[in-house]
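Reviewing the structure listed below.
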Amino acid sequence: VQTTLGELAARFSLQLHGDPATVVVGMCSLQPGEPGKLAFLADAKYETGLAGTHAAAVVLRPELVARCPVYSLSSANPHLAFSRIAALWDARSAVEPGIHPTAVILEGARIASDVSIGPGCVVGRNVVIGAGSRLAANVTLVEGVCIGARVRIEPGAVIGGRGFGLVRDGERWVEVPQLGSVRVGDDVEIGANTTIDRGAIEDTVIEEGVKIDSHVHIAHNCRIGAHTVIAGCVGISGSVTIGRRCILAGGVGVADHVSIADDVVVSGMSMVTRNIDEPGMYSAGWGAQPASEWRRQVAALRRLPEWMKKGGKK
Amino acid sequence: VQTTLGELAARFSLQLHGDPATVVVGMCSLQPGEPGKLAFLADAKYETGLAGTHAAAVVLRPELVARCPVYSLSSANPHLAFSRIAALWDARSAVEPGIHPTAVILEGARIASDVSIGPGCVVGRNVVIGAGSRLAANVTLVEGVCIGARVRIEPGAVIGGRGFGLVRDGERWVEVPQLGSVRVGDDVEIGANTTIDRGAIEDTVIEEGVKIDSHVHIAHNCRIGAHTVIAGCVGISGSVTIGRRCILAGGVGVADHVSIADDVVVSGMSMVTRNIDEPGMYSAGWGAQPASEWRRQVAALRRLPEWMKKGGKK
Amino acid sequence: VQTTLGELAARFSLQLHGDPATVVVGMCSLQPGEPGKLAFLADAKYETGLAGTHAAAVVLRPELVARCPVYSLSSANPHLAFSRIAALWDARSAVEPGIHPTAVILEGARIASDVSIGPGCVVGRNVVIGAGSRLAANVTLVEGVCIGARVRIEPGAVIGGRGFGLVRDGERWVEVPQLGSVRVGDDVEIGANTTIDRGAIEDTVIEEGVKIDSHVHIAHNCRIGAHTVIAGCVGISGSVTIGRRCILAGGVGVADHVSIADDVVVSGMSMVTRNIDEPGMYSAGWGAQPASEWRRQVAALRRLPEWMKKGGKK
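Here you go:
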């Protein structure tokens, strides 16, 4: 695909600073940047990369236009503008609807006509898949799972595996039947090798617009509120309720039966063990330090309770 | 499936408080509960839900019968009773034995006659699978793996991948051949996308009755004792020995060569770095707090070793 | 396969202490050890196992020969020697090249002639796979991924899933097209169910000789330096750069845009939140303790900022 800065400015309502006839053939990083390609600068944090870029032009905020050494397209939300422009060069966005011959569709499945289902996928009995949804390769949807419209599921994801319900019977554990399923709303994204377990009695529910990264696990009976973002390697225990527009950073864990309000951000590798009732940012992660310093801190904490008891004396 | 409270009481040896002719058509949550359906109350913690339930009846402990506003079926272990009743409505429990035509069974595999193997499964050379075991979709059993009877393996699980054995040769790493396999005992459950690696010399061993959740990783040469429960996102390093009836909560990590005694509970997201010789509960996880408070604590700990050295003065 | 100590000494340039005609039929653990089989002792830490071994012979360092109760083969690097010997008994090392009939190879893929591709693998459009590489079962390589020579990919791994690029548009999140791909160098190992996401603009890059365990997630735009080792359950956020010959232990997390120098070791379950510019070992993990002791430490830290402020008094 080939276009010009003038065409891009017109099509995406951007303000052009430069020659509208300049040809653009793709996207590039700001640093080093490539002639003939378009870069972007969304975050002022990375502004140092602007000075020496070799990009043909940069998509950026209006206030940075003056400091841009090459042509620019300015926008109040350069990341969003860039995202829309990039779709021009996204070959994979043109996935054609259809079911690959190696996919297995079991009886009773109801699949909208423009769904794309990749090689090796397994769509269990009585599964429902809404319009425009795409299953990449080797995705498994277990019996009775219900997927909304425009849902994207990356390779290896498993939706509807057995919830991990167990009950003791003497020394042994007995598996509790998991009668619920999983309901996934519209416009949800589910990353590679992510797992979402079916509910014990009611369904596990992922509301519309939720975006889930790779390698996430969501246990049975959870409800994840609309437009919440869950980064990689997060683990959510059973019967957790998460509000709308939350962000769980990478590696976060949430204990079972916890309830989290709307608009909560949990920073990386933190464990949430109690309900969070107020919006805001919550943390419990430690940043790595040189091992010798860290060991001294660990040892100091271990002595701290006694130290405090004695009023701070040795 | 439709039954009555009287039939349930007789069949599962429960004491009925109510009209035996009451029809029951399924299970429901205690809150809000649904007419015509059966709820349960296993944990006194959730007793507040009992008062307003709309369930037809509740399975609960004898001492709660008096406080139940609807009919009840009482049992010393209501969770176990509920689990057995729920099987009546578990369509998936009636999985028929057989090998799906898209499953790949390589040479030398010995599979008991009533095993169920789902679409897209790969059963490697010389694998053995015992009676009544079920592999859901897209499960991979690598060469030589031995699976006991009545084992349930959820979608995407990989049993017998290469152990991560490496040895340095100058700057490079050389892969150490992994000559062992994986042996899985009877009545084991293995969750979706869980991985259990093959041993370096001897086998990795999962003893009978072990229950493993989704997204767990068990490295080479481990031995997991009978009836131990491993929750989601746990990672167990190589050559770890875990005793019988242990519980590892979600996100726990265990360092290599560690040995853990019987009846040990490790709480969520804790790392076990040393042998644990005594039963009991062990922890090392931090609960998330408002980020500003957390930052102050992190900063305080960083100063603590010097502070203690100076005898608690600034 | 059957050999003798004399043949092994000659073939692998080891010094034999014992009868060269001794027949060896396989490998065994040092403890208890098996007659007719070969054990090894790489780490002085495990020397206590040497005394009572029943192995036919032990591969060990020259300084331990005198303390070995059975025959021995000595080497400056016994682990490496053992690894080479073990290949004699590694049936799986003799994987024959070829593409299993159930593997799906999409248009434009270029696959070297001696590659092995297992059952259920999906090789996306325009994927390139170099000589001698092996894909085990149910591996997914998404469109455009480029794999070097002698790369080993374990079952269930997904290379080239969508990078988790999102941008806000009011309350909603819009998916940012991921135009890059993944480039994997020669002699890389990728473990079971590991995921490596494609880059947003440039490629995600795994340099030669990197060894990645099972259940690892590497997000978009990362660059992992040559001969770095990444243990199980590690999660690496987007746009991270890791140097050469690093070691990330199990469960480590790295925050986005962090840069880590060459020869850095990060210990288990630590989170790296800032750039690391110097080689050495870095830590932030807590070892599990009896829960009652741990709770006292958590409570003490919570009080610590105020305590310090007041000069160490109650």
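Protein chains in written order, with the numbering used here: chain V, 893 to 1206; chain C, 893 to 1206; chain E, 893 to 1206.
Just so it is clear, CB atoms sit at the ideal spot from N, CA and C, and this is done for glycine as well.
Keep in mind that this is a model prediction, so the values were computed, not measured.
Best match in the options for proximity to residue i [C-alpha to C-alpha]
i: leucine 906 (chain E); options: E:Ala973, E:Gly1000 and E:Gly1179; result: E:Ala973
i: lysine 1103 (chain C); options: V:Val1059, V:Ile1122 and V:Leu952; result: V:Val1059
i: isoleucine 1110 (chain E); options: E:Arg1166, E:Val1050 and E:Ile1152; result: E:Val1050
i: arginine 903 (chain E); options: E:Gly1053, E:Cys960, E:Ser967 and E:Gln923; result: E:Ser967
i: valine 1209 (chain C); options: C:Trp1065, C:Ser1005, C:Thr1087 and C:Asn1167; result: Only positions 893 to 1206 of chain C appear in this structure, which leaves residue 1209 (chain C) out of reach.
i: tryptophan 1186 (chain V); options: E:Gly1177, E:Asp1169 and E:Gly1055; result: E:Gly1177
i: glycine 1024 (chain E); options: E:Val1074, E:Tyr938, E:Glu1081 and E:Gly910; result: E:Glu1081
i: glycine 1083 (chain C); options: V:Arg1188, V:His909 and V:Phe1056; result: V:Phe1056
i: histidine 909 (chain V); options: V:Pro1182, V:His946, V:Tyr938 and V:Pro961; result: V:Pro961
i: glycine 1022 (chain V); options: V:Gly1036, V:Gly1040 and V:Ile1168; result: V:Gly1040
i: tyrosine 963 (chain C); options: C:Pro954, C:Val950, C:Glu955 and C:Asn969; result: C:Val950
i: threonine 1032 (chain C); options: C:Lys1201, C:Asp1089 and C:Gly944; result: C:Asp1089
i: glutamate 1198 (chain V); options: E:Asp982, E:Ala983 and E:Ala1191; result: E:Ala1191
i: proline 989 (chain V); options: V:Ala1001, V:Val1007 and V:Gly1000; result: V:Val1007
i: alanine 983 (chain C); options: V:Asn1113, V:Ser1073 and V:Cys1038; result: V:Ser1073
i: glutamate 1067 (chain E); options: V:Glu955, V:His1107, V:Gly1101 and V:Val957; result: V:Gly1101
i: isoleucine 1152 (chain C); options: E:Val1150, E:Pro1182, E:Ile1168 and E:Ser1151; result: E:Pro1182
i: histidine 946 (chain V); options: V:Phe932, V:Pro954 and V:Pro993; result: V:Phe932
i: valine 1076 (chain V); options: V:Gly1203, V:Gly944, V:Val1150 and V:Val1020; result: V:Val1020
i: glycine 1053 (chain V); options: C:Met1200, C:Asp1105, C:Asp1061 and C:Ser1005; result: C:Asp1105
Beta-carbon contacts of residue i that lie in its chain and below 6 Å, excluding the five residues immediately before and after
i: aspartate 1148 (chain C); result: Ser1129, Gly1130 and Ser1131
i: leucine 980 (chain V); result: Val893
i: alanine 1029 (chain V); result: Gly1010, Pro1011, Gly1012 and Pro1047
i: valine 917 (chain E); result: Gln894 and Gly928
i: histidine 971 (chain V); result: Ala934
i: glycine 941 (chain E); result: Leu922 and Gln923
i: arginine 1044 (chain C); result: Arg1026 and Glu1081
i: arginine 1115 (chain V); result: Val1097 and Thr1133
i: leucine 930 (chain V); result: Val916, Met919 and Ala949
Paired residues, beta bridge with residue i - DSSP
i: valine 1050 (chain V); result: V:Thr1032 and V:Thr1087
i: arginine 1026 (chain C); result: C:Ser1008 and C:Arg1044
i: alanine 931 (chain V); result: V:Val950
i: methionine 1163 (chain V); result: V:Gly1145 and C:Gly1179
i: threonine 896 (chain V); result: V:Val915
i: glutamine 907 (chain E); result: E:Ser966
i: valine 1037 (chain V); result: In DSSP, valine 1037 (chain V) forms no bridge with anything.
i: tryptophan 1065 (chain E); result: E:Arg1060
i: methionine 1173 (chain E); result: E:Val1157
i: histidine 1109 (chain C); result: C:Thr1087 and C:Gly1127
i: glutamate 1081 (chain C); result: C:Arg1044 and C:Lys1103
i: serine 1151 (chain E); result: E:Thr1133
i: arginine 1002 (chain C); result: C:Val1020
Rounded distance between the beta-carbons of residue j and residue i, thought under 8 Å
i: glutamate 1063 (chain E); j: arginine 976 (chain V); result: Actually they do not touch by this definition, with Cβ atoms about 18 Å apart.
i: glycine 1127 (chain C); j: glycine 1145 (chain C); result: 5 Å
i: glycine 898 (chain C); j: alanine 913 (chain C); result: 6 Å
i: aspartate 1079 (chain C); j: arginine 1042 (chain C); result: 5 Å
i: valine 1164 (chain E); j: alanine 1141 (chain V); result: About 13 Å; that fails the 8 Å criterion.
i: glycine 1117 (chain E); j: glutamate 1094 (chain E); result: Incorrect: roughly 16 Å between the Cβ atoms, too far for contact.
i: asparagine 1085 (chain C); j: asparagine 1018 (chain E); result: Asparagine 1085 (chain C) to asparagine 1018 (chain E), Cβ: 27 Å. No contact.
i: histidine 1112 (chain E); j: glycine 1091 (chain E); result: 5 Å
i: leucine 1196 (chain V); j: leucine 1196 (chain E); result: 7 Å
i: glycine 1204 (chain C); j: glycine 1204 (chain E); result: 3 Å
Own chain partners of residue i with C-beta closer than 8 Å, once the 5 adjacent residues on each side are dropped
i: isoleucine 997 (chain E); result: Ile991, Ile1003, Ile1009 and Val1015
i: aspartate 1154 (chain C); result: Gly1117, Gly1135, Arg1136, Arg1137, Cys1138 and Pro1171
i: serine 1175 (chain C); result: Val1158, Ser1159 and Ser1162
i: alanine 978 (chain V); result: Met919
i: tryptophan 1065 (chain E); result: Leu1058 and Val1059
i: histidine 1107 (chain V); result: Gly1083, Ala1084, Asn1085, Thr1086, Gly1124 and Cys1125
Spatial neighbours of residue i in its chain, beta-carbon cut-off 7 Å, leaving aside the 5 residues before and after
i: glycine 959 (chain E); result: The sequence given here places arginine at residue 959 (chain E); glycine does not occur at that position. Leu942, listed in sequence order.
i: methionine 1173 (chain E); result: Val1157 and Ser1159
i: glutamate 999 (chain C); result: Arg1017
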